[in-house]
Amino acid sequence: MSNLLKHDAQTANDAVRQEEPGLQRGGDVPTRSAELAQRNGHLTMAKPSGAMTASCKLSVRHRVKAVASRAFTLACYRVGRAGPLTLVGGAAVLTAIAIAAVALEASRGDLAALQQQVNQAQQHSPSGSAVDTGISHVIASLPTRNDMPTILATVYAQASAAKISLDVGHYAYSPPKGGSIGRYELEFPVRADYPSIRSFINGTLSALPAAGLDKLHLERKAVGDPYVNADIRFVVFMRAQDGSS
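For reference, each letter of the sequence shown is one residue, going 4 to 248 in the numbering used here.
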């Protein structure tokens, strides 16, 4: 009976190889062998032969090799159609995308740092009372109209140091408008060389913290003339006196 089972299994395997060569059937069991095994109380499965397994492995290798060959051929064809310029352009696009990604990441970091600075500034911002106190201190440090003789003396002293003669001067006072700060305008037409004029202006602004340069007009009469005509106007900010404007 054992010889009969082996013969039936071999016959079934040969039939499978003839029907679909190179394809493993996973150990199909012939009906007659199964019936004989059941009669003896055993179930015997026919194992595929070594030749059949080797054939299946070889077939799979051929198929994988064929698929890889077709994929490589298709890739070469597409690259050939794209051309070198298209490839260079694609590489440039990829490079630009990479640079943009890096820049975006850096921008996110800068934005986070800036947001942190804003939050810290908001936490340590001065209160309204501190700001009001600072403004009041600045206003209190400004001169009044009673200080004008001293201010004019300072301006003339700076002009003398710069070797500039102030023969004519125009003065105009503008009282505060809805506030506590007025202004005094001092305008001087002078004729001197440019370095002297610059020295006069810088010296006056340094000596009078409440003063500012409101106007400067320069005119040279001739190309070779070392002197220029200048119209200089200073403005001096003043606080209003108590009981007067």
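Virtual Cβ for every residue (Gly too), placed ideally from N, Cα, C.
Given a cut-off of 8 angstroms on the beta-carbon distance, is the pair residue i and residue j in contact?
{"i": "residue 242", "j": "residue 154", "result": "no"}
{"i": "residue 268", "j": "residue 217", "result": "Past the boundaries of the shown model lies residue 268; the chain is included only from 4 to 248, so the question cannot be answered."}
{"i": "residue 214", "j": "residue 231", "result": "no"}
{"i": "residue 136", "j": "residue 211", "result": "no"}
{"i": "residue 252", "j": "residue 162", "result": "As displayed, the chain neither begins before 4 nor continues past 248, which places residue 252 out of reach and without an answer."}
Applying the 10 Å Cβ sphere with the 16-neighbour rule, what's the burial state of residue i?
{"i": "residue 235", "result": "buried"}
{"i": "residue 174", "result": "exposed"}
{"i": "residue 187", "result": "buried"}
{"i": "residue 207", "result": "buried"}
{"i": "residue 233", "result": "buried"}
{"i": "residue 114", "result": "exposed"}
{"i": "residue 189", "result": "buried"}
{"i": "residue 178", "result": "exposed"}
{"i": "residue 244", "result": "exposed"}
Am I right that residue i and residue j are in contact with their C-beta atoms under 8 angstroms? What's the rounded C-beta distance?
{"i": "residue 166", "j": "residue 144", "result": "Actually they are not in contact, since the Cβ atoms of residue 166 and residue 144 sit about 31 angstroms apart, beyond 8 angstroms."}
{"i": "residue 194", "j": "residue 176", "result": "That belief does not hold up - the Cβ atoms of residue 194 and residue 176 are roughly 27 angstroms apart, past 8 angstroms."}
{"i": "residue 229", "j": "residue 196", "result": "5 angstroms"}
* List in chain order: all unbroken beta strand (DSSP E) runs of 3+ residues lying wholly within the stretch 134-219. => Restricting attention to beta strand (DSSP E) runs no shorter than 3 residues, the stretch 134-219 encloses them at 173-177, 184-195, ordered along the chain.
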